[in-house]
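Encoded as structure tokens, the structure appears first; notes follow it.
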Amino acid sequence: MTLREKLRIMVVDDMSTSRGLIVQALEAFGIQSVSHAPGGAEALEALRMAPVHLIISDYNMPGMDGLQFLNTLRAQKATKDTGFILITGRADRQMIEEGQRLGMNNFLKKPFQPVELRQCIEAVVGRL
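Residues in the sequence shown are numbered from 810 upward in steps of one, following this note's numbering.
Here it is in structure tokens:
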């Protein structure tokens, strides 16, 4: 079984269009297990029922931004080692440093092309 057949990924983004584009790209890469949530709180609930290997999360979300979501993940035993990629339109140095301090595995600046998403994922989990 290949990595893309085993890998479970969750996409967390409050914008359904953005979620859909990322999910579509993942499916085009051959990733067979992709779930999604509209925000951090919903993602945390879903992760209790169905853990994943990698989370791809938007930064700018209402209620709980991407870094707050990451901080919550790292504080919980069940999710502390889950891979985490932050997607943001504003990848300033302070945000990236804070993400790295919290345990972010990689980040991707919007807008991006599918090939950039794939490279970002492969830098975290290995070749798809």
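Where a beta carbon is used, it is the ideal one built from N, C-alpha and C, also for glycine. This structure is a prediction, so every number in the text was calculated from the model and none was measured.
C-alpha gap between residue i and residue j, whole angstroms
{"i": "Asn915", "j": "Thr811", "result": "22 Å"}
{"i": "Ala855", "j": "Lys919", "result": "25 Å"}
{"i": "Pro871", "j": "Arg813", "result": "31 Å"}
{"i": "Gly875", "j": "Asp867", "result": "6 Å"}
{"i": "Cys929", "j": "Thr881", "result": "22 Å"}
{"i": "Ile905", "j": "Val934", "result": "20 Å"}
When the options are compared against residue i, the one with the closest alpha-carbon
{"i": "Glu907", "options": "Ala887, Cys929 and Gln877", "result": "Gln877"}
{"i": "Gln885", "options": "Leu853, Arg910 and Asn869", "result": "Leu853"}
Reduced DSSP secondary structure (H/G/I, E/B, other) of residue i
{"i": "Ile840", "result": "coil"}
{"i": "Arg817", "result": "strand"}
Practice item. Evaluate contact between the region 845–854 and the region 921–928, counting only Cβ atoms and requiring at least three cross-stretch pairs below 8 Å. Key: no
Point to revise | Complete runs of the beta strand (DSSP E) confined to the region 844–919 [at least 3 residues] | key: 863–867, 892–897 and 915–918
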